[in-house]
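Quick note: the sequence shown, position 196, residue 234 per this note's numbering, numbers continuous. See below for the structure under consideration.
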Amino acid sequence: MKSTNISRKRRLKNILFVCFTICTLLIIRVGIIQFVQGSELQSMAYKQQTLNRKINPKRGTIYDSTGKNILAVSASVETVSVTPSNIKKEDKEKVARAMSDIFGLEYETVLKKVSKNSSIETIVKKVEKEQTDKLREWMNENSIISGINIDEDTKRYYPYATLASNVIGFTGSDNQGLEGIESRYDDILKGTTGKILKVTDARGTDLGNEGEDYIEAIDGDDIVLSINMTVQSIAEKYLEQACIDNVCTDGGNILIANPKTGDILAMASYPNYDLNNPYKINKDDLEFVWDTLSSKDKSESLQQMWRNKAISDTYEPGSTFKLLTSSAALEEGITDTDNSGEFACTGSINIAGTRIKCWRYYRPHGSQSLRQALMNSCNPVFIGLRTKNWSRKIL
Ligand SMILES: [Zn+2]
């Protein structure tokens, strides 16, 4: 009797010890969840329980100098997404079939998205309203009222396609500026994204209108360029002609500025590309072998095509700069156009111990006026043209 009592006591003790250990472990675990992982888990729960759909702002318009001709504009389109848990299991195949038919997508891919265990899946981006109206009609006929979201979005259009393409640049699938003005002034053009915030349960199912929050998008600002569409078109037309006529394999550039204000009226590059289709290469020989190129080669060729060579590449102006030197000398009254025999070319000029030759050093130009020096493109005259009576001082 006594020994049974002792063994019972011992068993009780053991059970108590086990219970105590389990309780202690549980308290420690709760402590870890609450205090160590607390904030992380809280944010994960928030993400799971709120459905966050973006509303894209309308990107600002880019105008030419007249403020009337539109060079880049955003039009309203729509983006379709699904909340898989809000679509009944028996409707999933039907929904996937309808969406793949309407938007020309692969059925299997759509079905996979519709069946996924996630809160939101994008089905198709930036489609015309005609197509989404078809989807709305189908939803109506089939009494499907939840799980399919049709949200406003915008798409960029370039009405003149190739005009000033290397200046304007283009945008990516999320309306972000990727090249040119679109990229440089993205902050002004892009606006602020709005959102629809919905409270859902852990599986992403709607909890009705309770807790729905709608934050409106703010549209981007417009930009007016100094580029004039008419001047730009003329520059591009003749640049193309000149490049073809002279077989310029590296292409060419034309910059036209208003001398009074410095405004750039045209900035043309040849060859240009189609802003509405910026990933299509503009050279026939490359296009022919495009599919065989490595992604690195493709990327380099595209970068080269998008480049605004008029401002990104350097080119030594050479003798064309003589026009600026002579204009400055005339403005400062250092010389006049036709002072006969004012300058003398001896075939070279000595500057800081270095002898710089005239291009016609073997048969020097001799005495000439400024007009004649310009016609002869005589180097010593324009090197020395900086003070009155320079010829006597230097030569
Ligand atoms: Zn000379």
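In this text, a Cβ means the ideal position worked out from N, Cα and C, and glycines have one as well.
Close beta carbons around residue i, own chain, < 8 angstroms, minus the five adjacent residues each side
| i | result |
| --- | --- |
| T209 | R97, R194, G215, L216, E220 |
| W328 | I319, K336 |
Beta-carbon separation (whole angstroms), residue i vs residue j, contact threshold 8 angstroms
| i | j | result |
| --- | --- | --- |
| V148 | S156 | So it is not a contact: roughly 14 angstroms between Cβ atoms. |
| S103 | N266 | 5 angstroms |
| A304 | V269 | 5 angstroms |
| L459 | T373 | The structure shown does not extend to residue 459, since the chain spans only 39 to 433, so no value can be given for it. |
| P451 | G229 | Because the chain here runs from 39 to 433, residue 451 falls outside it and cannot be looked at. |
| I302 | S264 | 5 angstroms |
| N346 | V205 | 6 angstroms |
Alpha-carbon to alpha-carbon, residue j and residue i
| i | j | result |
| --- | --- | --- |
| I394 | C416 | 11 angstroms |
| P355 | S339 | 26 angstroms |
| N315 | E168 | 22 angstroms |
| L235 | C57 | 45 angstroms |
| L362 | L423 | 12 angstroms |
| T392 | S386 | 10 angstroms |
| Q341 | I100 | 22 angstroms |
| N377 | Y400 | 25 angstroms |
| K431 | Q406 | Note that K431 has pLDDT 42, beneath the 50 cutoff, so the model's placement of it is unreliable and the number below is only indicative. Computed Cα separation, rounded: 17 angstroms. |
| H439 | Y308 | With the chain running from 39 to 433 in the structure shown, residue 439 is simply not present. |
| S203 | I261 | 16 angstroms |
| A255 | T231 | 5 angstroms |
| E179 | F141 | 18 angstroms |
| I11 | S45 | Outside the displayed span of the chain (39 to 433) sits residue 11, for which this structure offers no information. |
| C396 | C281 | 30 angstroms |
| T62 | L79 | 22 angstroms |
| Q75 | I66 | 13 angstroms |
| W344 | E190 | 29 angstroms |
| I60 | L143 | 55 angstroms |
| K321 | L331 | 14 angstroms |
| G371 | A390 | 26 angstroms |
| F55 | N43 | 18 angstroms |
| K164 | Q279 | 37 angstroms |
| D288 | T352 | 13 angstroms |
| L313 | G207 | 7 angstroms |
| T384 | G105 | 55 angstroms |
| E128 | Q72 | 40 angstroms |
| K150 | R48 | 59 angstroms |
| G300 | C286 | 28 angstroms |
| T375 | A382 | 15 angstroms |
| K51 | M82 | 42 angstroms |
| L433 | R222 | Since pLDDT at L433 reaches only 44, below the 50 mark, its modelled position is unreliable, and the value read off the structure follows with that caveat. One C-alpha to the other measures close to 50 angstroms. |
| L293 | I253 | 44 angstroms |
| P369 | Y198 | Before going on, a small fix: residue 369 reads as Glu here, not Pro. Distance between the alpha carbons of E369 and Y198: 41 angstroms. |
| M177 | L64 | 50 angstroms |
6 angstroms CB neighbourhood of residue i in its chain, flanking five on each side removed
| i | result |
| --- | --- |
| V118 | I161, V162, I188 |
| E274 | A306 |
| V133 | I125, V152 |
| S357 | S415 |
| D212 | none |
| K130 | V152, S153 |
| E380 | S407 |
| G257 | Correcting the residue type first, residue 257 is Asp in the shown sequence and not Gly. Cβ neighbours of D257 beyond the five flanking positions: P95, K96, G229. |
| V111 | T99, Y195 |
C-beta atoms of residue i and residue j nearer than 8 angstroms
| i | j | result |
| --- | --- | --- |
| K172 | P122 | no |
| N310 | T200 | yes |
| E166 | V115 | yes |
| D251 | L227 | no |
| G233 | I319 | The sequence given here places Lys at residue 233; Gly does not occur at that position. Not a contact, by the Cβ cut-off of 8 angstroms. |
| A348 | N291 | yes |
| L109 | Y196 | yes |
| V120 | I186 | yes |
| T192 | A113 | yes |
| K334 | F420 | no |
| R91 | I158 | yes |
Sequence-distant residues of its chain with Cβ nearer than 7 angstroms to residue i (five each side left out)
| i | result |
| --- | --- |
| Q434 | Nothing can be reported for residue 434, as the shown portion of the chain is limited to 39 through 433. |
| R135 | Y145 |
| I70 | none |
| L324 | S339 |
| D224 | Q214, G215 |
| Y317 | L340 |
| N107 | Y101, M267 |
Could you name the residues, in chain order, whose CB is less than 5 angstroms away from a heavy atom belonging to ligand 1?
C383, C396, H403, C416
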